[in-house]
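A quick write-up on the structure given underneath.
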Amino acid sequence: MNRNLLAWYDRHHRELPWRVSPGASARGLRPDPYHIWLSEVMLQQTTVQAVKPYFDKFLGLWPTVADLAAAPTEDVMAAWAGLGYYARARNLKKCAEAVATDHGGVFPDTEAGLRSLPGIGDYTSAAVAAIAFNRPSAVMDGNVERVISRLYAIDAPLPGSKPEMKRHVAELTPQDRPGDFAQAMMDLGATICTPKRPACALCPLNDRCLALAEHDPERFPVKAAKKEKPVRFGAAFVAVNPEGAILLRRRVESGLLGGMTEVPTTAWTARLDGGQTIEHAPFPARWESCGTIVHVFTHFELRLSVFRAVTAEVGLPDPGWWEPVTNLHAQALPTVMKKVITQAIPRAFEPHPS
DNA sequence: TAGACGTGGTA
DNA sequence: TTACCAAGTCT
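As structure tokens, this is what we get:
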């Protein structure tokens, strides 16, 4: 089974910016642990395509973990803006600092050592240990869960079935080439053993897949039913001053969009109850309605009424600051806030003639 | 332990 | 268009 999978990986592995190809790996070339760690954190709940430009940007800005550890947190948050799950960026910075100060700038080379660092959980510690250090750790992400659940036709629903699946992964993981094995399982899940319409005819494991034998691989993995997504309402205020700057402020460090930049908004409530009016604007002004934007988060849908005003204000409000519209691209603005600002100022994020 | 936590792509 | 999904972690 491992021989089939690794032979398939040797021929069909994906070429990725952070990856050392299996041929080079066989000649003893190891990937940079910093690159592997950075890519793994970015890839948490995120697609390869979305990660690639961010990975390149981060390596350009911070070529080593020491550079990242020394960077201002606001710069890291701004560079991460748009990638989502911003706790990852906060923990990324904390982890880099821990590696720099507590580990002499060198990543721990064991699963347990990695697991103790901020933002590194069961999956990432196993993945970095296997891929960067060739440790035979049991690497299980969503791809591997799908592959395993089909190989063994596991009827018990996720996430309860995780321990059972992890035992199978551990038992399958070879002492030889464990890093390639982990990447092979994930590539298989991403390209062959896909959620919909898996390409079983091309699968190197199709001779031992119980789900295929049952003629319904799409039935796996079985998952617990999800809950309905609630709707929340609020208002957002885009103030433009005479110098062409807009009023921004920083969100608190924890929770939703923690540490990111926003325009002033009302609280986001479950009902349109009158708490979304211009009385809640950061200051009195001739606020004009610009319509609404809708943004869907993981656990709720947000509908924001957007207002715009041109003000005579140039002084520094407290809290907050005036940021030139021409410099918005350098801010730690999450996507929902870019939507709000674009609703009020349609060309705000277009390139400026200089 | 189950909920919080983003975003963009695909069918 | 709605629904699901993508290399999870933290509390």
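Heads up: the first sequence begins at 155 in the working numbering, then just goes up one per residue. Built from N, CA and C at the ideal position, the CB exists for glycine as well.
Would you decide whether V448 is buried or exposed? Buried here means 16 or more other CB atoms lie within 10 Å of its CB.
On the first sequence, residue 448 is found 294 positions in, with the first residue counted as 1. By the C-beta density criterion, V448 is exposed, having fewer than 16 other C-beta atoms within 10 angstroms.
In terms of alpha-carbon separation, which member of H453, H189, F335, V394 lies closest to Y239?
Residue mapping note: residue 239 aligns to position 85 of the first sequence, counting from 1. Ranking H453, H189, F335, V394 by Cα distance to Y239 puts H453 first.
How long is the line joining the alpha carbons of M294 and A324, rounded to whole angstroms?
Here residue 294 is taken as the residue at index 140 of the first sequence, counted from 1. Here residue 324 is taken as the residue at index 170 of the first sequence, counted from 1. The straight-line gap from Cα to Cα measures roughly 9 Å.
4 or more residues per run - each alpha helix (DSSP H) lying fully within the region 233-301
241-256, 265-269, 276-287
With a CB to CB cut of under 8 Å and the five nearest residues on each side skipped, what residues in its chain are close to A204?
Locating residue 204 in the first sequence gives position 50, where the first residue counts as 1. Within the same chain, A204 has close Cβ partners L237.
Quick check on the burial criterion: 16 or more other C-beta atoms within 10 angstroms. Buried or exposed for N481?
Stepping through the first sequence from its first residue, residue 481 is reached at position 327. Exposed: under 16 other Cβ atoms inside 10 Å.
In whole angstroms, what is the alpha-carbon distance linking M155 and A355?
Locating residue 155 in the first sequence gives position 1, where the first residue counts as 1. Locating residue 355 in the first sequence gives position 201, where the first residue counts as 1. Rounded to the nearest angstrom, the two C-alpha atoms are 16 Å apart.
Taking 7 Å as the limit between beta carbons, can you name the residues of its chain near P311, skipping five residues before and five after?
Along the first sequence, read from residue 1 onward, the residue named residue 311 stands at position 157. Same-chain partners within the cutoff: V376, K377, A378.
Less than 8 Å between the CB atoms is what I'm expecting for A280 and L160, so what's the real figure, rounded?
As a position in the first sequence, residue 280 is number 126, starting the count at 1. As a position in the first sequence, residue 160 is number 6, starting the count at 1. Contact doesn't hold; Cβ gap of about 18 Å is too wide.
Limits of the unbroken alpha helix (DSSP H) element including L326:
The residue labelled residue 326 in the question sits at position 172 within the first sequence. 316-326 is the span of the alpha helix (DSSP H), which, as asked, contains L326.
Distance, Cα to Cα, M196 vs R440?
Position 42 of the first sequence, counted from the start, is the residue given in the question as residue 196. Position 286 of the first sequence, counted from the start, is the residue given in the question as residue 440. So the alpha carbons of these two residues sit roughly 42 Å apart.
Among the candidates A250, I302, G273, R289, whose CA atom is the shortest distance from the CA of T264?
Taking the first residue of the first sequence as 1, we reach residue 264 at position 110. Of the listed residues, the one whose Cα sits closest to T264 is R289.
Determine the contact status of V282 and E382, defining contact as a CB-CB distance below 8 Å.
Taking the first residue of the first sequence as position 1, residue 282 is located at position 128. Taking the first residue of the first sequence as position 1, residue 382 is located at position 228. In this structure, the beta-carbon distance from V282 to E382 does not fall below 8 Å.
Starting from the C-beta of D148, find all residues in its chain whose C-beta is less than 7 Å away, skip the five residues before and the five after it, and write them out in chain order.
Because the chain here runs from 155 to 508, residue 148 falls outside it and cannot be looked at.
Assigned secondary structure, C444 (DSSP; H/G/I helix, E/B strand, else coil)
The residue labelled residue 444 in the question sits at position 290 within the first sequence. Strand.
State buried or exposed for G343, treating a residue as buried only when at least 16 other CB atoms are found within 10 Å of its CB.
Taking the first residue of the first sequence as 1, we reach residue 343 at position 189. The residue in question, G343, is buried, as its Cβ has 16 or more Cβ neighbours within 10 Å.
So L411 and P488 are in contact, right, with Cβ under 8 Å, and what is the actual spacing, rounded?
Taking the first sequence and counting its residues from 1, one reaches residue 411 at position 257. Taking the first sequence and counting its residues from 1, one reaches residue 488 at position 334. So it is a contact: roughly 5 Å between Cβ atoms.
Which two residues bound the contiguous beta strand (DSSP E) that contains P478?
Along the first sequence, read from residue 1 onward, the residue named residue 478 stands at position 324. Counting along the chain, the beta strand (DSSP E) containing P478 begins and ends at 475-478.
Put A378 into one of helix, strand or coil per three-state DSSP.
Reading the first sequence from its first residue, position 224 is the one you call residue 378. Note: A378 maps to coil in three-state DSSP.
Please report the straight-line C-alpha distance between P226 and E407, rounded to a whole angstrom.
As a position in the first sequence, residue 226 is number 72, starting the count at 1. As a position in the first sequence, residue 407 is number 253, starting the count at 1. Rounded to the nearest angstrom, the two C-alpha atoms are 15 Å apart.
Going by the beta-carbon positions, is the gap between V479 and A502 smaller than 8 Å?
The count along the first sequence starts at 1 and reaches residue 479 at position 325. The count along the first sequence starts at 1 and reaches residue 502 at position 348. Contact: yes.
Among the residues of its own chain, which have a CB less than 7 Å from the CB of K320, if the five just before and after it don't count?
Counting from 1 along the first sequence, the entry for residue 320 is found at position 166. Contacts found: A292, M294.
Buried or exposed: where does Q485 fall if 16 or more other Cβ atoms within 10 Å of its Cβ makes it buried?
Sequence index remark: in the first sequence, residue 485 carries index 331 (1-based). Q485 comes out buried.
Over what stretch of residues does the beta strand (DSSP E) that includes I400 continue unbroken?
In the first sequence, residue 400 corresponds to position 246, counting from 1. Segment 399-404, the beta strand (DSSP E) holding I400.
Suppose you measure from the CA of L271 to the CA of I190; what does that come to, to the nearest Å?
The residue you call residue 271 lines up with position 117 of the first sequence. The residue you call residue 190 lines up with position 36 of the first sequence. Near 15 Å, if we compare the C-alpha coordinates of I190 and L271.
Contact check, C363 vs L305, beta carbons under 8 Å
The residue labelled residue 363 in the question sits at position 209 within the first sequence. The residue labelled residue 305 in the question sits at position 151 within the first sequence. Yes. Within cutoff.
For V417, which of A393, G214, G398, F437 has the nearest alpha-carbon?
Here residue 417 refers to the residue found at position 263 when the first sequence is read from its first residue. Taking only the C-alpha atoms, the option nearest V417 is A393.
According to the Cβ coordinates, are R373 and A365 closer than 8 Å?
Within the first sequence, residue 373 is the residue found at index 219, counting from 1. Within the first sequence, residue 365 is the residue found at index 211, counting from 1. Yes, the pair counts as a contact, with Cβ atoms nearer than the cut-off.
Spatial neighbours of A353 in its chain, beta-carbon cut-off 6 Å, leaving aside the 5 residues before and after
For the purposes of this step, residue 353 is identified with residue 199 of the first sequence, where counting begins at 1. Excluding residues within five positions, the ones whose Cβ falls inside 6 Å are I346.
On the DSSP letters alone, give me the boundaries of the beta strand (DSSP E) that A393 sits inside.
Along the first sequence, one-based indexing puts residue 393 at 239. Residues 385-394.
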